[in-house]
Amino acid sequence: MKGIVVNPLITDEERTQLLTHGQARAAGQAIDPLPVVRLFTPDAHATWLLAALNPTDGDSAWGVMDVGIGMPELGQR
580 MKGIVVNPLI TDEERTQLLT HGQARAAGQA IDPLPVVRLF TPDAHATWLL AALNPTDGDS
640 AWGVMDVGIG MPELGQR
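So the mapping is simple: this note's numbering equals the position in the sequence shown, first residue as 1, plus 579.
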């Protein structure tokens, strides 16, 4: 697919910080990190505030998610 540019959702620096937070959580440390990344869909008003990545799979994120109806959920997806 020549000519297609793919922009990552997060930078390498953000990924490193998210994994560091995830490693601390996995080690049982009582941490309360600020969100590192904000993802959103402007058309549906859904927002994800990511604070950590699972160090085991490096893909499952932990943070706050709000689908735009005023009922945020804290957890891992």
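Ideal placement from N, C-alpha and C gives every residue a C-beta, glycine not left out.
Next on the checklist: Assuming contact is defined by CB atoms lying nearer than 8 Å, are A605 and P587 in contact in what I supplied?
Outcome noted: no
Checklist entry - With a Cβ-Cβ cutoff of 8 Å, do G642 and P621 count as a contact? => result no
Checklist entry - G544 to P612, Cα distance in whole Å? => result Here the chain has residues from 580 to 656 only, and residue 544 is not among them.
Checklist entry - Since L618 sits in a beta bridge, which residues does DSSP pair it with? => result W627
Checklist entry - Contact check, V616 vs L598 under 8 Å by CB: the rounded distance? => result Rounded, the Cβ-Cβ distance is 12 Å, inconsistent with contact.
Next on the checklist: Which residue marks the beginning of the alpha helix (DSSP H) containing G582, and which one marks its end?
Outcome noted: It is not in any alpha helix (DSSP H) - G582 carries neither H nor E in the DSSP assignment.
Checklist entry - Relative to the C-alpha of G637, which residue among V585, K581, Q602, I583 is closest? => result Q602
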